[in-house]
Amino acid sequence: QKEVEQDPGPLSVPEGAIVSLNCTYSNSAFQYFMWYRQYSRKGPELLMYTYSSGNKEDGRFTAQVDKSSKYISLFIRDSQPSDSATYLCAMSEIQGAQKLVFGQGTRLTINP
Amino acid sequence: DVKVTQSSRYLVKRTGEKVFLECVQDMDHENMFWYRQDPGLGLRLIYFSYDVKMKEKGDIPEGYSVSREKKERFSLILESASTNQTSMYLCASSPGTGRPEAFFGQGTRLTVV
């Protein structure tokens, strides 16, 4: 079993829809949680970064962490065609070198 | 803004060649990483470094080595390139010490023929 599981999709939704992207994990030592967006043939860019449980909002993006269920989510409101990309979740422990463990990524397409 | 710069966007090398991929970051980050990304396999960690001249193996270090002589620069070396090393290579850096968020370069698409 992988430490981090993420449905690879693809996921296709109409413009303006609310998008929900999710990851589950098995390592209870994970304390840092991140979401990255990666456009085709580019490097991933950091979207959201949260520590421990709770919600964080940045514009149209909301990240949620539920440590009791080992489940994290990214919500995109009023989705735009420019949001079409692959979204990767990533997690890290507090101790050690704080290497990131990535999900496989979900390919998202927003249709105009 | 953090900037992580990889020396090449696209590279074509022959089997058996020694290949150097260079990465430079400009934010005085402690940690630097090399990943490869393949369809269906996601990002896999090859090597990372948490200090100058310090390195640790990641999940798939076989066939690779690294060098970090200066804090800002982290090099990935393919000792003898093989076709199964054809991939997208991504360099990243993170601040370290309670700040694990990583910033990535634009990637190097390496093709070994």
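Those sequence lines, one after another, are chains A and B. The first sequence begins at 8 in my numbering and counts up by one. The second sequence begins at 11 in my numbering and counts up by one. Beta carbons are placed, not taken as given, at the ideal position from N, Cα and C, and that holds for glycine. Since this is a predicted model, take the numbers as computed values, not measurements.
Hey, residue i and residue j: beta-carbon distance below 9 angstroms or not?
i, j, result
"Met8 of chain A", "Ser47 of chain A", "The amino acid at residue 8 of chain A is misidentified as Met; the sequence shows Gln. Result no, Cβ atoms of Gln8 of chain A and Ser47 of chain A do not sit closer than 9 angstroms."
"Arg114 of chain A", "Pro15 of chain A", "yes"
"Tyr39 of chain A", "Ser99 of chain A", "yes"
"Leu100 of chain B", "Arg19 of chain B", "no"
"Phe58 of chain B", "Lys106 of chain A", "yes"
"Leu18 of chain A", "Ala112 of chain B", "no"
"Arg54 of chain B", "Gly68 of chain B", "yes"
"Val22 of chain B", "Ala102 of chain B", "no"
Per DSSP, what are the beta-bridge partners of residue i in this structure?
i, result
"Val34 of chain B", "B:Thr15, B:Arg83"
"Asp61 of chain B", "B:Met64"
"Gly52 of chain B", "B:Asp48"
"Tyr78 of chain A", "A:Thr31, A:Asp73"
"Tyr46 of chain A", "According to DSSP, Tyr46 of chain A bridges with nothing at all."
"Glu40 of chain B", "DSSP output for Glu40 of chain B lists no bridge partner at all."
For the beta strand (DSSP E) that contains residue i, what are its first and last residues?
i, result
"Asn34 of chain A", "Segment: none, Asn34 of chain A is in no beta strand (DSSP E) and carries neither H nor E."
"Glu111 of chain B", "First-last for Glu111 of chain B: undefined, no H or E at that position."
"Ile113 of chain A", "Checking the displayed sequence, the identity of residue 113 of chain A turns out to be Thr instead of Ile. Looking at the DSSP string, the run of the beta strand (DSSP E) that includes Thr113 of chain A is 113-118."
"Lys23 of chain B", "20-23"
DSSP on residue i, reduced to helix/strand/coil?
i, result
"Ser89 of chain A", "helix"
"Gln116 of chain B", "coil"
"Ile96 of chain B", "The question names Ile, yet the displayed sequence has Thr at residue 96 of chain B. Note: Thr96 of chain B maps to coil in three-state DSSP."
"Gly23 of chain A", "coil"
"Asp69 of chain B", "coil"
"Gly61 of chain A", "strand"
"Ser90 of chain B", "coil"
"Arg78 of chain B", "strand"
Taking only beta-carbon positions, decide if residue i is within less than 9 angstroms of chain A.
i, result
"Gln116 of chain B", "yes"
"Glu111 of chain B", "yes"
"Leu53 of chain B", "yes"
"Gly73 of chain B", "no"
Counting only C-beta atoms, is residue i closer than 9 angstroms to chain B at any point?
i, result
"Tyr78 of chain A", "no"
"Tyr32 of chain A", "no"
"Tyr94 of chain A", "no"
"Lys74 of chain A", "no"
"Gly110 of chain A", "yes"
Output yes if chain C places a C-beta closer than 9 angstroms to the C-beta of residue i; else output no.
i, result
"Gln87 of chain A", "Annotation note: the requested chain C is absent from the structure, which comprises protein chains A and B."
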